[in-house]
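*Asks:*
Residue numbers (our numbering): 1 to 585.
(1) Since residue 244 contacts residue 399 with CB under 8 angstroms, what's their CB separation in whole angstroms?
(2) Let me see if you follow: with CB-CB separation under 8 angstroms, is residue 539 close to chain D or not?
(3) Alpha carbon to alpha carbon, what distance is there between residue 391 and residue 240?
(4) Assuming residue 598 contacts residue 193 (C-beta within less than 8 angstroms), just tell me the rounded distance between them.
(5) Is the beta carbon of residue 514 less than 8 angstroms from the beta carbon of residue 562?
(6) Would the segment 270-284 count as touching the segment 303-316 if we require 3 or more Cβ pairs under 8 angstroms?
(7) Measure the C-alpha to C-alpha separation of residue 370 and residue 382 and round it to an integer number of angstroms.
(8) Give every residue of the same chain whose Cβ lies closer than 6 angstroms to the Cβ of residue 15, excluding the five residues on either side of it in the sequence, and list them in chain order.
(9) Does the Cβ-Cβ distance between residue 394 and residue 415 come in under 8 angstroms?
(10) Should residue 272 and residue 242 be called a contact, given that it needs their Cβ atoms to be closer than 8 angstroms?
(11) Can you check which of these residues, 418, 270, 110, is closest to residue 428 by C-alpha distance?
(12) In this structure, how does DSSP classify residue 273 when only helix, strand and coil are distinguished?
(13) I'd like to know if the segment 530-544 and the segment 217-224 are in contact, where contact means that at least 3 CB-CB pairs between them fall below 8 angstroms.
(14) From residue 199 to residue 367, what does the alpha carbon distance come to, in whole angstroms?
(15) Tell me the residue span of the beta strand (DSSP E) that contains residue 251.
(16) Hey, quick one: how far does the beta strand (DSSP E) through residue 362 stretch, first residue to last?
(17) If you draw a straight line from the C-alpha of residue 548 to the C-alpha of residue 201, how long is it?
(18) Within a Cβ cutoff of 6 angstroms, which residues of the same chain sit near residue 567, ignoring the five residues on either side of it in sequence?
(19) Pick helix, strand or coil for residue 15, following the three-state DSSP scheme.
(20) My output table needs one value for residue 5: the three-state DSSP class, helix, strand or coil.
(21) Have a look at 550, 11, 558 and flag the residue whose alpha-carbon is nearest the alpha-carbon of residue 287.
(22) Residue 31 to residue 100, Cα distance in whole Å?
(23) Helix, strand or coil for residue 570, going by three-state DSSP, please let me know.
(24) Measure the C-alpha to C-alpha separation of residue 573 and residue 525 and round it to an integer number of angstroms.
(25) Is residue 275 closer than 8 angstroms to residue 234 when the C-beta atoms are compared?
(26) Using only alpha-carbon positions, find the residue among 552, 410, 359, 405 that is nearest to residue 569.
(27) Could you have a look at residue 380 and say whether DSSP puts it in helix, strand or coil?
(28) Could you say which of 211, 536, 145 lies nearest to residue 406 if we only look at CA atoms?
(29) If I measure Cβ to Cβ from residue 231 and keep anything under 7 angstroms in the same chain, skipping five residues before and after, which residues do I get?
(30) Run through DSSP, which three-state label would residue 398 get?
(31) Where does residue 577 fall in DSSP's three states?
(32) Return yes when the Cβ of residue 48 is within less than 8 angstroms of the Cβ of residue 27, no when it is not.
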């Protein structure tokens with residue numbers, strides 16, 4: 001039993017022999033200071049003060065079963081956002097100062113910030129479901145490989161295989177499906193590409209010769225997903241090079257046009273989207289790139305009067321003799337001569353080939369579309385604009401689009417409407433970074449067609465003209481006879497111009513002579529009443545005059561690399577598609 005201290009309580013000033021007395025300790029004083037009884041009863045108590053048990057319990061409050069009102073301070077990492085727990089990306093003070101100092105205006109600063117955000121989105125892009133699928137596939141293969149090696153070494157007691165060929169044979173011998181399944185998938189893909197029906201592929205699968213159709217479909221889908229990644233890598237790798245976009249229509253010539261009992265005739269119309277590049281610097285984008293007047297009549301009249309009218313007064317052959325850098329077609333070697341003659345023949349068996357390689361060309365998409373109006377072209381272009389890397393490129397640079405007449409017309413119409421109505425129309429803003437350019441391949445084809453169809457009865461005697469040309473000119477001299485002038489114009493002006501426009505002038509990178517001959521051939525198309533090419537050829541001449549007047553960098557690119565602005569790759573691609581597809585594909 002605790003000994004009682006007989007003394008007077010400091011709080012109540014009473015002696016209580018029946019109670020126990022207690023001293024105030026340091027810990028008891030701390031608890032007393034928290035409570036309210038201390039301030040009211042005896043604020044003078046201190047360590048060592050003697051209290052009776054009743055007063056001690058009233059003043060010194062114990063903290064059992066009490067909750068702390070003060071919350072524990074939580075230290076947060078300010079590098080993370082509080083809501084979605086995403087990493088907050090910040091710029092250093094030095095980088096921020098560079099942004100501000102190198103920006104001439106607020107708009108330019110906003111553009112740089114937006115570009116930085118886009119680049120950061122690429123870096124912080126989360127792993128997609130396709131990548132997760134690949135990870136699972138990779139894990140399964142590693143697990144199977146480990147099982148084969150464990151059985152070979154531990155269960156069978158064999159030594160480790162160090163030779164690469166022996167190791168490959170070991171894995172394939174322990175898992176025959178590695179070879180058989182791959183072969184079946186390839187056979188299934190081939191049969192699907194040749195137009196074999198679903199029932200036919202499944203029948204081959206039941207015979208053990210092919211994979212089932214569902215497996216073939218899944219493989220095709222996987223190939224498409226992987227190919228889209230290769231397109232993104234292609235654009236990313238060529239961000240600092242000139243990209244040229246080709247878009248053209250393709251129709252299946254294999255399909256039967258005769259209706260059957262169960263179906264009518266069907267022709268497959270497709271839209272081909274290609275990207276081509278070379279080691280050429282890109283063309284920077286500027287707001288004044290498009291002529292606000294469209295096809296500018298004043299610029300055309302000025303160019304005609306000051307630059308080209310004198311040259312049009314003489315024949316093309318006479319003018320060509322003044323161009324020291326242009327070779328005469330009669331002096332070409334056999335290889336180059338054959339190449340000029342087969343320029344519109346796309347047979348892969350021809351040994352004479354020009355830019356028929358696809359090592360710098362990338363197929364973006366091959367979609368069902370007949371490209372008959374502006375909306376069809378916008379839908380096809382949207383497929384290219386949907387790629388993030390493409391949008392990033394178009395924010396800074398221009399992409400030329402060499403195209404035939406429909407491509408020129410409808411893409412230009414989309415650009416004009418976007419410039420006129422702005423955000424009020426649904427046309428993507430990326431279309432303003434495109435520049436339609438007249439395709440010389442179609443100029444050559446259409447001018448040849450017009451000349452040869454118009455003067456076809458005369459061409460049976462054409463081969464004799466070169467031997468008697470000098471005698472004819474000496475006999476008629478400056479005669480104004482209509483028949484004489486017509487055939488001299490045909491043989492000395494129209495035919496050589498149509499033959500040289502693409503193979504000699506365009507491919508030879510003779511920019512000034514090429515533009516002059518385009519203007520000359522426009523007069524031919526106007527005379528022949530070709531309602532399309534009597535207008536679209538003026539668009540190129542107008543654009544060239546406008547870009548020259550504002551000193552846009554595209555003029556230097558055209559002068560130095562004219563041969564790149566060609567639609568030949570897409571025509572070559574179409575020839576290969578027709579060659580390797582059947583009527584059922």
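All residues carry an ideal CB built from backbone N, CA and C; glycine is no exception.
*Replies:* Based on what the coordinates show:
(1) Numbered from its first residue, the chain shown carries residue 244 at position 244. Numbered from its first residue, the chain shown carries residue 399 at position 399. Correct: roughly 7 angstroms between the Cβ atoms.
(2) Absent from the structure: chain D. Only one protein chain is present.
(3) Within the chain shown, the letter at position 240 stands for residue 240. Within the chain shown, the letter at position 391 stands for residue 391. If I take the Cα positions, the gap works out to 14 angstroms.
(4) In the structure as shown, the chain begins at 1 and stops at 585. Residue 598 is therefore absent and cannot be evaluated.
(5) On the chain shown, position 514 is the one that residue 514 refers to. On the chain shown, position 562 is the one that residue 562 refers to. In this structure, residue 562 lies closer than 8 angstroms to residue 514 by Cβ.
(6) no
(7) Stepping through the chain shown from its first residue, residue 370 is reached at position 370. Stepping through the chain shown from its first residue, residue 382 is reached at position 382. Cα to Cα, the separation comes out at about 15 angstroms.
(8) Residue mapping note: residue 15 aligns to position 15 of the chain shown, counting from 1. Here the set comprises 8.
(9) By 1-based counting over the chain shown, the position of residue 394 is 394. By 1-based counting over the chain shown, the position of residue 415 is 415. Cβ atoms of residue 394 and residue 415: not closer than 8 angstroms.
(10) What you label residue 272 is simply residue 272 of the chain shown in a count that begins at 1. What you label residue 242 is simply residue 242 of the chain shown in a count that begins at 1. Against a cut-off of 8 angstroms, the Cβ pair of residue 242 and residue 272 comes out as no contact.
(11) Numbered from 1 along the chain shown, position 428 holds the residue referred to as residue 428. For the residues 418, 270, 110, the minimum Cα distance to residue 428 belongs to 418.
(12) One-based indexing of the chain shown puts residue 273 at position 273. In this structure, residue 273 counts as strand in the three-state DSSP scheme.
(13) no
(14) On the chain shown, residue 199 is found 199 positions in, with the first residue counted as 1. On the chain shown, residue 367 is found 367 positions in, with the first residue counted as 1. Distance between the alpha carbons of residue 199 and residue 367: 25 angstroms.
(15) One-based indexing of the chain shown puts residue 251 at position 251. Looking at the DSSP string, the run of the beta strand (DSSP E) that includes residue 251 is 243-251.
(16) Walking along the chain shown from the start, residue 362 turns up at place 362. Note, residue 362: beta strand (DSSP E), 361-368.
(17) Taking the first residue of the chain shown as 1, we reach residue 548 at position 548. Taking the first residue of the chain shown as 1, we reach residue 201 at position 201. Each residue's alpha carbon lies about 60 angstroms from the other.
(18) As a first step, residue 567 is located in the chain shown; it is residue number 567 there, counting from the start. Once the five neighbours on either side are set aside, the close Cβ partners of residue 567 are 246, 402, 439, 441.
(19) Here residue 15 refers to the residue found at position 15 of the chain shown. Residue state, collapsed to three classes: strand.
(20) As a first step, residue 5 is located in the chain shown; it is residue number 5 there, counting from the start. Per-residue confidence for residue 5 stands at a pLDDT of 49, beneath the threshold of 50, marking its modelled position as unreliable; no derived number is given.
(21) In the chain shown, counting from the first residue as 1, residue 287 sits at position 287. The shortest Cα separation from residue 287 among 550, 11, 558 belongs to 550.
(22) As a position in the chain shown, residue 31 is number 31, starting the count at 1. As a position in the chain shown, residue 100 is number 100, starting the count at 1. Each residue's alpha carbon lies about 59 angstroms from the other.
(23) Locating residue 570 in the chain shown gives position 570, counting from the first residue. Helix, per DSSP.
(24) In the chain shown, residue 573 corresponds to position 573, counting from 1. In the chain shown, residue 525 corresponds to position 525, counting from 1. Cα-Cα distance, rounded: 28 angstroms.
(25) Translated into the one-based positions of the chain shown, residue 234 becomes position 234. Translated into the one-based positions of the chain shown, residue 275 becomes position 275. Result yes, Cβ atoms of residue 234 and residue 275 sit closer than 8 angstroms.
(26) If you number the chain shown from 1, residue 569 lands on position 569. The candidate whose alpha carbon is nearest that of residue 569 is 359.
(27) Mapped onto the chain shown, residue 380 falls at position 380. Looking at residue 380 - three-state DSSP - the assignment turns out to be helix.
(28) As a working note, residue 406 is residue 406 in the chain shown. Ranking 211, 536, 145 by Cα distance to residue 406 puts 536 first.
(29) On the chain shown, position 231 is the one that residue 231 refers to. These residues qualify, in order along the chain: 362, 364, 387.
(30) The sequence position of residue 398 within the chain shown is 398, counting from 1. Residue 398: strand per DSSP, three-state reduction.
(31) What you label residue 577 is simply residue 577 of the chain shown in a count that begins at 1. Helix at residue 577.
(32) Walking along the chain shown from the start, residue 27 turns up at place 27. Walking along the chain shown from the start, residue 48 turns up at place 48. No, Cβ-Cβ distance for residue 27 and residue 48 is not below 8 angstroms.
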